[in-house]
Amino acid sequence: MEDFNSLKNKIIEIVDFDFLKKITLSNPIKKGDGLCFKAVVSKITLKDGEVFQISRYIDKKVIHENIKIEKNDKKQSYISIVEKILELMTENFKQCGIYSNRIVTILMNKKKGFKIVENKENIDFEKNTISHNAVKNYIIKEGTYINWLFEIGLIDKNGKVHNSSQKKFRQINRFLEMIADVEKYIPNDGLIIDMGCGKSYLTFAIYYYFNILKNKNIRIKGFDLKKDVVENCSQLAKTIGYKNLSFFADDIASLDTSEEKADMIISLHACDTATDVAIAYGIKQHCKVIMSVPCCQHELFYQVKNDSLKNILSYGILKERFSALLTDGIRGETLKLFGYKTSILEFIDMEHTPKNIMIRAIKKENPKISKNKVTEYYKLLSDFSVEPTILKLLKDSFSEFDY
Ligand SMILES: C[S@@+](CC[C@H](N)C(=O)[O-])C[C@H]1O[C@@H](n2cnc3c(N)ncnc32)[C@H](O)[C@@H]1O
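In our numbering, the protein residues as written are 2 to 404.
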């Protein structure tokens with residue numbers, strides 16, 4: 002059972018009041034003359050702006066009361082309506098249904114203890130709203146106050162995304178859609194490692210997705226070389242009470258694969274060969290999911306040679322792009338070789354640089370490794386005269402292949 006304040010905060014956190022359709026209070030404790038037997042809250046627009054209109058049904062009368070939605074302080078208005086519905090419940094209702102992006106039911110027992118039942122499915126946004134067709138069906142909806150987004154300066158206290166942060170907000174949502182696609186492979190109490198987490202916007206986003214939106218108990222560890230950045234992230238996690246989110250100032254190359262097995266490895270924009278370190282770590286630990294958005298792939302630029310492509314590779318910019326694509330192609334092929342179903346997807350990037358490829362790999366149940374595939378793999382490397390870091394890191398693991 003939830004106490005009044007934590008209940009109030011939880012409702013504000015999980016309900017997207019911007020897209021509220023209605024709130025119904027039902028199942029009255031007492032019925033009879035002069036007692037309110039039903040109450041409904043709807044969002045309507047009056048001359049002065051939007052209000053929450055509370056309609057209380059008593060005998061044959063309907064009594065209306067409005068709570069203004071302050072444009073400049075929506076969060077306070079949302080708090081007011083939540084306080085109002087809890088007050089109405091305490092007076093005479095055992096049940097309250099809140100219909101927004103999802104259905105949230107609040108139940109009250111005889112001792113006036115509350116419980117929240119959350120329908121985890123997002124309702125079809127188009128069907129659920131009348132006039133918000135222009136708003137994208139993002140996992141994190143604009144207008145929702147979320148503490149870490151506020152703390153990192155992406156939204157204001159009403160949940161409005163700052164103009165300068167729109168791209169980052171879209172990127173976070175796009176990333177969460179990709180996370181939602183692999184969610185089924187991660188146990189409810191799983192471990193995720195973020196290698197080269199930096200300021201960790203996306204690390205906080207994953208934590209929020211699994212543990213707040215989906216009510217799971219996922220642990221996340223973020224690693225980065227930069228001590229000050231790690232300290233800031235740790236402080237933020239502490240401030241907002243994300244207990245299972247911890248950060249470490251370490252070189253990911255020094256991490257021991259015999260540590261607890263991670264269920265998912267992510268490495269987002271980790272520089273140059275740090276991506277290889279992350280992928281190799283995931284492969285060695287047989288992690289179920291590896292997601293990586295590579296960045297600054299310089300290594301093969303200095304190695305690549307190919308007679309047929311000699312003239313094309315004489316153009317510096319083409320050589321640079323080709324080397325980056327070859328690097329990611331080889332990373333994808335390496336993952337396949339080690340039994341991962343691998344896809345290369347497009348990922349929107351904050352700075353609109355060419356860092357827009359995501360390598361997503363999911364470990365197959367009983368992967369079969371054929372000798373032919375290994376031969377083909379080595380031929381690819383020799384055709385371009387390259388020996389990438391990922392190969393060096395996994396050399397010992399190749400000997401484990403049992404054809
Ligand atoms: C471009 S930032 C990306 C941060 C974050 N993942 C994101 O997508 O916003 C790359 C981060 O990787 C970290 N990094 C690079 N090599 C690393 C290594 N060997 N060990 C740990 N962190 C590393 C850097 O310190 C930097 O913070």
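Here a beta-carbon is modelled for each residue, glycine too, at the ideal position from N, C-alpha and C.
Exercise. Using the beta-carbon count (16 or more within 10 Å), is residue 319 buried or exposed?
Worked result: Mapped onto the sequence shown, residue 319 falls at position 318. Its Cβ having fewer than 16 others within 10 Å, residue 319 is exposed.
For this session: Between the Cα of residue 384 and those of 308, 396, 314, spot the shortest distance and give me the residue it belongs to.
Result: Locating residue 384 in the sequence shown gives position 383, counting from the first residue. The candidate whose alpha carbon is nearest that of residue 384 is 308.
For this session: Would you mind sorting residue 188 into buried or exposed? The rule is 16 or more other CB atoms within 10 Å of its CB.
Result: Taking the sequence shown and counting its residues from 1, the one referred to as residue 188 is at position 187. Its Cβ having fewer than 16 others within 10 Å, residue 188 is exposed.
Problem set entry | Expected contact under 8 Å - CB spacing of residue 327 and residue 301 to nearest Å | Within the sequence shown, the letter at position 326 stands for residue 327. Within the sequence shown, the letter at position 300 stands for residue 301. That belief holds up - the Cβ atoms of residue 327 and residue 301 are roughly 6 Å apart, short of 8 Å.
Problem set entry | C-beta atoms of residue 342 and residue 365 nearer than 7 Å | What you label residue 342 is simply residue 341 of the sequence shown in a count that begins at 1. What you label residue 365 is simply residue 364 of the sequence shown in a count that begins at 1. Yes, the Cβ-Cβ distance between residue 342 and residue 365 is below 7 Å.
Exercise. Sorted by chain position, which residues of the same chain lie with C-beta nearer than 6 Å to residue 66's C-beta, five sequence neighbours on each side aside?
Worked result: As a position in the sequence shown, residue 66 is number 65, starting the count at 1. Residues 55 of the same chain have their beta carbon placed closer than 6 Å to that of residue 66, with the five preceding and five following residues left out of the count.
For this session: Taking only heavy atoms of ligand 1 into account, decide whether any of them is closer than 6 Å to the Cβ of residue 342.
Result: By 1-based counting over the sequence shown, the position of residue 342 is 341. Distance from the C-beta of residue 342 to the nearest heavy atom of ligand 1 is not below 6 Å.
Exercise. Cα-Cα, which of 86, 283, 161 is closest to residue 192?
Worked result: The count along the sequence shown starts at 1 and reaches residue 192 at position 191. The shortest C-alpha separation from residue 192 is found at 283.
For this session: Identify whether residue 171 lies in helix, strand or coil by the three-state DSSP scheme.
Result: As a working note, residue 171 is residue 170 in the sequence shown. Of the three classes helix, strand and coil, the one that applies to residue 171 here is helix, per DSSP.
For this session: May I ask you to report which of helix, strand or coil DSSP gives residue 263?
Result: Locating residue 263 in the sequence shown gives position 262, where the first residue counts as 1. Looking at residue 263 - three-state DSSP - the assignment turns out to be coil, as it is neither helix nor strand.
Exercise. Going along the chain, which residues of its own chain have a beta-carbon closer than 6 Å to the beta-carbon of residue 250, five neighbours each way excluded?
Worked result: Against the sequence shown, residue 250 aligns to sequence position 249. 228, 231.
Exercise. In terms of residue numbering, what span does the beta strand (DSSP E) encompassing residue 329 cover?
Worked result: Here residue 329 is taken as the residue at index 328 of the sequence shown, counted from 1. Looking at the DSSP string, residue 329 is not in any beta strand (DSSP E); the run it does join, the alpha helix (DSSP H), is 317-338.
Exercise. Using the beta-carbon count (16 or more within 10 Å), is residue 135 buried or exposed?
Worked result: Here the question's residue 135 lines up with position 134 in the sequence shown. Caution applies to residue 135, whose pLDDT of 41 falls short of 50 and renders its modelled position unreliable; the model cannot decide the point.
Problem set entry | residue 218 versus residue 117: straight-line alpha-carbon distance, rounded | Mapped onto the sequence shown, residue 218 falls at position 217. Mapped onto the sequence shown, residue 117 falls at position 116. Cα to Cα, residue 218 sits roughly 18 Å from residue 117.
Exercise. At a cut of 8 Å, does the segment 292-300 reach the segment 263-276 through at least three beta carbon pairs?
Worked result: A contact exists between the segment 292-300 and the segment 263-276.
Problem set entry | Beta-bridge pairing of residue 347 - partner residues as DSSP gives them | As a first step, residue 347 must be located in the sequence shown, where it is residue number 346. Beta-bridge annotation (DSSP): residue 347 is paired with 358.
Exercise. So what does residue 195 bridge to, in DSSP terms?
Worked result: Position 194 of the sequence shown holds residue 195. For residue 195, the beta-bridge partners assigned by DSSP are 223, 267.
Problem set entry | Euclidean distance between Cα positions of residue 303 and residue 313 | As a working mapping, residue 303 is identified with position 302 in the sequence shown. As a working mapping, residue 313 is identified with position 312 in the sequence shown. Near 15 Å, if we compare the C-alpha coordinates of residue 313 and residue 303.
Exercise. Around the C-beta of residue 63, are 16 or more other C-beta atoms found within 10 angstroms, so that it is buried, or is it exposed?
Worked result: Along the sequence shown, read from residue 1 onward, the residue named residue 63 stands at position 62. Looking at its Cβ environment, which holds fewer than 16 other Cβ atoms inside 10 Å, residue 63 is exposed.
Exercise. Using 8 Å as the threshold, is the segment 359-379 in touch with the segment 334-341, meaning 3 or more CB pairs across them?
Worked result: The segment 359-379 vs the segment 334-341: in contact.
Problem set entry | Contacting residues, own chain, Cβ-Cβ under 8 Å from residue 179 (five flanking each side not counted) | Residue mapping note: residue 179 aligns to position 178 of the sequence shown, counting from 1. Sequence-distant Cβ neighbours of residue 179 in its own chain, meaning closer than 8 Å and more than five residues away, are 292, 346, 348, 359, 361.
For this session: Please report how far the alpha carbon of residue 316 lies from the alpha carbon of residue 196, in whole angstroms.
Result: The residue you call residue 316 lines up with position 315 of the sequence shown. The residue you call residue 196 lines up with position 195 of the sequence shown. Spanning the alpha carbons of residue 316 and residue 196 requires a straight line of approximately 33 Å.
For this session: For residue 29, write down the residues that DSSP places opposite it in a beta bridge.
Result: Mapped onto the sequence shown, residue 29 falls at position 28. Its beta-bridge partners are 94.
Exercise. Do residue 223 and residue 427 come within 7 Å of each other at the CB atom, strictly closer than that value?
Worked result: Missing from the structure shown is residue 427; the chain here goes from 2 to 404 and no further.
Exercise. Should residue 5 be labelled buried (16 or more other beta-carbon atoms within 10 Å of its own) or exposed?
Worked result: On the sequence shown, residue 5 is found 4 positions in, with the first residue counted as 1. Within a 10 Å sphere around the beta-carbon of residue 5 sit fewer than 16 other beta-carbons, which makes this residue exposed.
Exercise. Within this structure, are the beta carbons of residue 104 and residue 120 separated by less than 7 Å?
Worked result: Position 103 of the sequence shown, counted from the start, is the residue given in the question as residue 104. Position 119 of the sequence shown, counted from the start, is the residue given in the question as residue 120. With contacts defined by Cβ atoms closer than 7 Å, residue 104 and residue 120 form a contacting pair.
For this session: Give the secondary structure of residue 296 by DSSP, where H, G and I count as helix, E and B as strand, and everything else as coil.
Result: One-based indexing of the sequence shown puts residue 296 at position 295. Residue state, collapsed to three classes: strand.
For this session: Figure out for me which residue from 29, 234, 235, 242 has the closest Cα to the Cα of residue 111.
Result: As a first step, residue 111 is located in the sequence shown; it is residue number 110 there, counting from the start. Here the closest residue by C-alpha is 29.
Exercise. With 16 other CB atoms within 10 Å as the buried threshold, where does residue 376 fall?
Worked result: On the sequence shown, residue 376 is found 375 positions in, with the first residue counted as 1. Exposed, by the Cβ-count rule.
Exercise. Can you find a heavy atom of ligand 1 that lies under 6 Å from the Cβ of residue 199?
Worked result: Here residue 199 corresponds to residue number 198 of the sequence shown, with the count starting at 1. Yes, since a heavy atom of ligand 1 falls inside the 6 Å radius drawn around the Cβ of residue 199.
Exercise. When we look at the beta-carbon of residue 389 and count the other beta-carbons within 10 Å, is it buried (16 or more) or exposed?
Worked result: The residue labelled residue 389 in the question sits at position 388 within the sequence shown. Per the 10 Å Cβ criterion, buried.
Exercise. Between residue 243 and the rest of its own chain, which residues show a CB-CB distance below 7 Å, the 5 nearest in sequence each way excluded?
Worked result: To locate residue 243, count along the sequence shown from 1; it is residue 242. Excluding the 5 residues flanking it on each side, residue 243 has same chain C-beta neighbours closer than 7 Å at 208, in chain order.
For this session: Taking all protein chains shown into account, decide if residue 21 is buried (16 or more other Cβ within 10 angstroms of its Cβ) or exposed.
Result: Residue numbering aside, residue 21 sits at position 20 when the sequence shown is read from its first letter. It is buried - the Cβ of residue 21 has at least 16 other Cβ atoms within 10 Å.
Exercise. Considering only the beta carbon of each residue, do residue 268 and residue 279 sit closer than 7 Å?
Worked result: As a position in the sequence shown, residue 268 is number 267, starting the count at 1. As a position in the sequence shown, residue 279 is number 278, starting the count at 1. A contact, by the Cβ cut-off of 7 Å.
Exercise. If you draw a straight line from the alpha carbon of residue 265 to that of residue 45, how long is it in whole angstroms?
Worked result: Along the sequence shown, one-based indexing puts residue 265 at 264. Along the sequence shown, one-based indexing puts residue 45 at 44. Using only the alpha carbons, I get a separation of about 45 Å.
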